[in-house]
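Asks:
In the numbering used here, the protein residues as written are 444 to 558.
1) Nearest to residue 563 by CA position, among 488, 491, 482 and 505, is which residue?
2) For chain B, is any of its Cβ atoms less than 8 Å away from the one on residue 525?
3) Where does residue 515 land, buried or exposed, given buried means 16+ other C-beta within 10 angstroms?
4) Starting from residue 492, follow the beta strand (DSSP E) in both directions and report where the run begins and ends.
5) Can you tell me whether residue 551 is helix, strand or coil according to DSSP?
6) Alpha carbon to alpha carbon, how far is residue 567 from residue 489?
7) Can you tell me whether DSSP reads residue 472 as helix, strand or coil?
8) In angstroms, rounded to a whole number, what distance separates the CA positions of residue 511 and residue 498?
9) Using C-beta distances below 7 Å, list every residue in its chain close to residue 485, excluding the 5 sequence neighbours before and after it, in chain order.
See the structure below:
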């Protein structure tokens with residue numbers, strides 16, 4: 444009886460290890476998204492900036508987000524980043540592409556000028 448209990452625990456332990464291996468193995472084989480670099484931009488104040496984002500998800504759906512000067516993430520609808528800057532200055536924009544498991548990002552600087 445003790446032998447059966449130990450055998451059962453051993454079998455359950457192997458099953459848990461097998462599941463953990465399969466899950467971690469799958470994560471290793473999901474390629475990270477790729478996102479093309481975006482050149483620095485110059486835009487007049489109060490005019491909309493529109494930048495196309497080229498990203499590859501390798502068969503997985505991507506979620507695109509942006510962040511300006513580390514001030515919180517916002518979703519991007521589609522594959523175009525659009526934003527109207529209302530103050531002159533330089534801003535760092537980070538675009539992130541995520542497939543739910545892995546992500547990639549690119550950064551570019553926007554210089555907002557007064558005409």
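Glycine included, C-beta positions come from ideal geometry on N, C-alpha and C. Here the structure is a predicted model, which means the values were calculated and not measured.
Replies: Reading it off the structure:
1) With the chain covering only 444 through 558, there is no way to say anything about residue 563.
2) Judged by its chain identifiers, the structure shown contains no chain B, having just a single protein chain.
3) With fewer than 16 Cβ atoms within 10 Å of its Cβ, residue 515 is classed as exposed.
4) Where residue 492 is concerned, the enclosing beta strand (DSSP E) starts and stops at 491–495.
5) Correct three-state label for residue 551: strand.
6) Because the chain spans 444 through 558 in this model, residue 567 falls outside it and cannot be assessed.
7) Helix, per DSSP.
8) Put simply, the backbone Cα of residue 511 is about 19 Å away from that of residue 498.
9) Once the five neighbours on either side are set aside, the close Cβ partners of residue 485 are 554 and 556.
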